[in-house]
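Going by mature numbering (1 follows the signal peptide of the UniProt record, and there is no 0), the letters in the sequence shown line up with residues -22 to -1, 1 to 100, in that order. We put the CB at the ideal spot given by N, CA and C, even for glycine. Note sheet for the following structure.
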Amino acid sequence: MRSTYYFALLLTLLAGCQQKPASTASAPAAVSSIVAVEPEAAVAAPVAAPALSAEERQFFAEYDLSSLIAKEPDDSEVMNGFYGADHYRIEFALLDVRRDPADPAHYFVKGKNRFKKAITPF
């Protein structure tokens, strides 16, 4: 009796998964021979706005912020946070921060991080 029940259940599930044919057969729509094509110049990529204003660029050119970002040589300052779905602790130590001479708004940062007992440089 049990095997008959499983067999009937299997047939019902398989019948429900079958693809049904389209109810009405429709003729293909007539295709117009006129197609509107936009010129390639009109489909230009949007231009991104500058990231920093002129005042902000002037500020970065005047002031070197690397001493504010980097830790003191005799300091043991480490930045702590949590990362990932399991919220595991992560630590960052910024060891060297230098300003880019070509672009004063960019800084080169070297340091190390510790995540799940693995220390990796960046």
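By Cβ distance below 6 Å, which residues in the same chain neighbour residue i in space, the five residues on each side in sequence not counted?
i, result
"glutamate 69", "Val56, Asn58 and Arg92"
Where does residue i fall in DSSP's three states?
i, result
"serine 31", "coil"
"glutamate 40", "helix"
"alanine -15", "helix"
How many angstroms separate the CA atom of residue i from the CA atom of residue j?
i, j, result
"proline 99", "glutamate 50", "19 Å"
"aspartate 78", "isoleucine 97", "26 Å"
"glutamine 36", "lysine 90", "31 Å"
"leucine 46", "arginine 76", "11 Å"
"lysine 88", "proline 82", "17 Å"
"lysine 66", "tyrosine 85", "Note on identity: in this sequence residue 66 is tyrosine, with lysine being the wrong assignment. Tyrosine 66 and tyrosine 85: Cα-Cα distance of roughly 28 Å."
"serine 31", "serine 44", "20 Å"
"glycine 62", "alanine 29", "29 Å"
"lysine 95", "alanine -15", "56 Å"
Determine whether the Cβ of residue i lies closer than 7 Å to any Cβ atom of chain D.
i, result
"glutamate 50", "Absent from the structure is chain D; it holds one protein chain and no more."
Report the CB separation of residue i from residue j in whole angstroms; it is logged as a contact under 8 Å.
i, j, result
"leucine 72", "alanine 39", "That pair is no contact at about 22 Å."
Quick one: residues in its chain with C-beta nearer than 7 Å to the C-beta of residue i, no 5 flanking neighbours on either side, listed in chain order?
i, result
"threonine -19", "none"
Original post:
Counting only runs that start and end within the segment 55 to 99, where is the beta strand (DSSP E) found for 3 or more residues in a row?
Top reply: Counting whole runs of 3 or more residues, the segment 55 to 99 contains the beta strand (DSSP E) stretches 57 to 61, 66 to 77, 85 to 93 and 96 to 99.
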